[in-house]
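Contents: one structure, followed by commentary.
Below is the structure:
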């Protein structure tokens, strides 16, 4: 670090005199070299190590916590396709990106604040991670593997009625949010269920930020900890199956979104390899069978997601 600082100092001095542009160009090349090297070598380095480290968080049916899940099987298949072993590395929502990139970050709206350096413990995050603007600034997402949307949920006995869908998603979102004035709402920071991402503070709701896991949001709602909660489609589908007749969907609060595995931005070769693998299993029907195994009702809400039909 001292040598690099000294190089920068000399470049500023030289830039004011003869040959300054040459020194600046040499410095730029020096600074760019490690990124280029990492990019080109990432896939080969992983193969030499012989293991794909899958960063995951128990969430919905992507990572069940019992050794299976849609994203667990997806990454196990990818590791086998690469010819390496598979290793599951458990993390949490506040640590996952740091465990992947080595930089601990904090979201501030669509911006990101880097808080410091942390150890890298994995090669890919895959647990139903939603592609949202601030995350795109710090990770490189693969091709989408699941469709989603954020919904407003309540207990079945709530006086709030589900909205009547129209031909305008924008209007549907406005109608959904209109029920929140003066009501309590649960959300969770560092996830796609952060109320600030959807301007929920403008609804007049009394917002509480949940300390538990995403899997515990629906139980918290059923335990009367809040009148409403935000859930995304996968978690809502699991909740509707697990507690039939006890929970209901009021309506959407977001546009349609995508979920996808996240890679380090410099690991383009590894991400490209995954995209190639994903295209192959979509083409032969394996991906559709995997998605329907863990989310049998996804076609009821996103009929264009699954290509293969019974």
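Numbering (my numbering), first residue to last: 777 to 1086.
Beta carbons: idealized from backbone N, C-alpha and C, even for Gly.
**Request:** Determine the direct distance from the alpha carbon of residue 1041 to that of residue 879, and round the result to whole angstroms.
**Result:** Start at 1 with the first residue of the chain shown, and residue 879 comes out as number 103. Start at 1 with the first residue of the chain shown, and residue 1041 comes out as number 265. Taking the straight line joining both Cα atoms gives about 12 Å.
**Message:** In the DSSP output, what is residue 930 paired with across the bridge?
**Reply:** Within the chain shown, residue 930 is the residue found at index 154, counting from 1. According to DSSP, residue 930 bridges with 1004 and 1024.
**Message:** I'd like the span of the alpha helix (DSSP H) that includes residue 963, first residue to last.
**Reply:** Residue 963 sits at position 187 when you count from the first residue of the chain shown. Not the alpha helix (DSSP H): residue 963 falls in the beta strand (DSSP E), residues 960 to 963.
**Message:** Measuring CB atoms only, is the stretch 1001 to 1021 touching the stretch 885 to 903, in the sense that at least three cross pairs come out at less than 8 Å?
**Reply:** no
**Asked** Is it buried or exposed for residue 829, if we count other Cβ within 10 angstroms and need 16 for buried?
**Response** Residue 829 sits at position 53 when you count from the first residue of the chain shown. Classification of residue 829: buried, given that the 10 Å Cβ count is 16 or more.
**Request:** Could you check which residue in 1071, 987 and 952 has the C-alpha nearest to that of residue 966?
**Result:** As a first step, residue 966 must be located in the chain shown, where it is residue number 190. Out of 1071, 987 and 952, 987 has the C-alpha closest to the C-alpha of residue 966.
**Request:** Output the distance between the C-alpha atoms of residue 895 and residue 874, rounded to the nearest integer angstrom.
**Result:** As a first step, residue 895 must be located in the chain shown, where it is residue number 119. As a first step, residue 874 must be located in the chain shown, where it is residue number 98. Their Cα atoms are separated by approximately 7 Å.
**Item:** Whole-angstrom C-beta distance between residue 921 and residue 1056, which should lie under 8 Å
**Value:** Position 280 of the chain shown, counted from the first residue, corresponds to residue 1056. Position 145 of the chain shown, counted from the first residue, corresponds to residue 921. At roughly 14 Å, the Cβ-Cβ gap does not stay under 8 Å, so residue 1056 and residue 921 are not in contact.
**Prompt:** Between residue 1051 and residue 919, what straight-line distance do the alpha-carbon atoms span, to the nearest angstrom?
**Reply:** In the chain shown, residue 1051 corresponds to position 275, counting from 1. In the chain shown, residue 919 corresponds to position 143, counting from 1. Residue 1051 and residue 919: Cα-Cα distance of roughly 6 Å.
**Asked** What residue does the alpha helix (DSSP H) around residue 890 start on, and which one ends it?
**Response** Numbered from its first residue, the chain shown carries residue 890 at position 114. That residue, residue 890, is in no alpha helix (DSSP H); its beta strand (DSSP E) goes 887 to 893.
**Message:** Here's the rule I'm using: 16 or more other beta-carbon atoms within 10 Å means buried, otherwise exposed. How should residue 807 be labelled?
**Reply:** Position 31 of the chain shown holds residue 807. Note that residue 807 scores a pLDDT of 36, beneath 50, so its modelled location is shaky; the value from the coordinates is reported in the next line. So residue 807 ends up on the exposed side.
**Request:** Could you tell me if residue 820 is buried or exposed, where buried requires 16 or more neighbouring beta carbons within 10 angstroms of its beta carbon?
**Result:** The count along the chain shown starts at 1 and reaches residue 820 at position 44. It is exposed - the Cβ of residue 820 has fewer than 16 other Cβ atoms within 10 Å.
**Prompt:** Can you list, in chain order, the residues of its chain whose CB lies under 7 Å from that of residue 1049, leaving out five sequence neighbours each side?
**Reply:** Counting from 1 along the chain shown, the entry for residue 1049 is found at position 273. Answer for residue 1049: 819 and 858, listed in chain order.
**Message:** What would DSSP say about residue 996, mapped onto helix, strand or coil?
**Reply:** On the chain shown, residue 996 is found 220 positions in, with the first residue counted as 1. In the structure shown, residue 996 sits in a helix (DSSP, three-state: H, G or I).
**Cβ contact (3+ pairs, closer than 8 Å) linking the stretch 860 to 870 and the stretch 832 to 839** = yes
**Prompt:** Which residues in the same chain have their Cβ closer than 7 Å to the Cβ of residue 854, if we skip the five residues on either side of it in sequence?
**Reply:** Counting from 1 along the chain shown, the entry for residue 854 is found at position 78. Correct list, in chain order: 828, 1050 and 1053.
**Boundaries of the alpha helix (DSSP H) in which residue 912 is found, first to last residue** = Taking the chain shown and counting its residues from 1, one reaches residue 912 at position 136. In the DSSP annotation of this structure, the continuous segment of the alpha helix (DSSP H) that includes residue 912 starts and ends at 909 to 912.
**Asked** What are the partner residues of residue 828, as DSSP defines its beta bridges?
**Response** As a working mapping, residue 828 is identified with position 52 in the chain shown. Note: residue 828 sits in a beta bridge opposite 862.
**Prompt:** Apart from the five residues on each side of it in sequence, which residues of its chain come closer than 7 Å, Cβ to Cβ, to residue 847?
**Reply:** Numbered from its first residue, the chain shown carries residue 847 at position 71. So the list reads 832, 838, 839, 902, 903 and 904, once near-sequence residues are dropped.
**Request:** Express the C-alpha separation of residue 861 and residue 934 in angstroms, rounding to a whole number.
**Result:** Stepping through the chain shown from its first residue, residue 934 is reached at position 158. Stepping through the chain shown from its first residue, residue 861 is reached at position 85. Answer to the nearest angstrom: the Cα atoms are 49 Å apart.
**Item:** C-alpha gap between residue 961 and residue 983, whole angstroms
**Value:** One-based indexing of the chain shown puts residue 961 at position 185. One-based indexing of the chain shown puts residue 983 at position 207. When rounded, the separation of the alpha-carbon atoms in residue 961 and residue 983 is 5 Å.
**Message:** Between which two residues does the alpha helix (DSSP H) holding residue 1057 run?
**Reply:** For the purposes of this step, residue 1057 is identified with residue 281 of the chain shown, where counting begins at 1. Unbroken alpha helix (DSSP H) run through residue 1057: 1044 to 1059.
**Request:** Below 6 Å CB to CB, which residues in the same chain sit around residue 907 once its five sequence neighbours on both sides are set aside?
**Result:** Within the chain shown, numbered from 1, the residue matching residue 907 stands at position 131. Here the set comprises 917, 1034 and 1036.
**Prompt:** residue 1011: buried (16+ other C-beta within 10 angstroms of its C-beta) or exposed?
**Reply:** In the chain shown, residue 1011 corresponds to position 235, counting from 1. Per the 10 Å Cβ criterion, buried.
**Message:** Let's see if you can read the secondary structure: which residues bound the beta strand (DSSP E) around residue 879?
**Reply:** If you number the chain shown from 1, residue 879 lands on position 103. Element bounds for residue 879: 879 to 884.
**Message:** Is the beta carbon of residue 1073 closer than 8 Å to that of residue 993?
**Reply:** As a first step, residue 993 is located in the chain shown; it is residue number 217 there, counting from the start. As a first step, residue 1073 is located in the chain shown; it is residue number 297 there, counting from the start. Not a contact, by the Cβ cut-off of 8 Å.
**Item:** residue 940 versus residue 843 - alpha carbon distance
**Value:** Position 164 of the chain shown, counted from the start, is the residue given in the question as residue 940. Position 67 of the chain shown, counted from the start, is the residue given in the question as residue 843. Answer to the nearest angstrom: the Cα atoms are 39 Å apart.
**Item:** Simplified DSSP assignment, three categories, for residue 868
**Value:** Here residue 868 corresponds to residue number 92 of the chain shown, with the count starting at 1. Looking at residue 868 - three-state DSSP - the assignment turns out to be coil, as it is neither helix nor strand.
**Message:** Tell me the DSSP secondary structure of residue 986 in three-state form.
**Reply:** Counting from one through the chain shown, the residue named residue 986 turns up at place 210. In the structure shown, residue 986 sits in coil (DSSP, three-state: anything other than H, G, I, E or B).
**Prompt:** Can you tell me the Cα-Cα spacing of residue 1082 and residue 850, whole angstroms?
**Reply:** Looking up residue 1082 in the chain shown gives position 306. Looking up residue 850 in the chain shown gives position 74. Roughly 16 Å separates the two Cα atoms.
**Message:** Based on DSSP bridge pairs, tell me the residues matched to residue 1012.
**Reply:** Residue numbering aside, residue 1012 sits at position 236 when the chain shown is read from its first letter. Residue 1012 pairs with nothing; no bridge assigned.
**Prompt:** Secondary structure at residue 1081, three-state DSSP: helix, strand or coil?
**Reply:** Taking the chain shown and counting its residues from 1, the one referred to as residue 1081 is at position 305. In the structure shown, residue 1081 sits in coil (DSSP, three-state: anything other than H, G, I, E or B).
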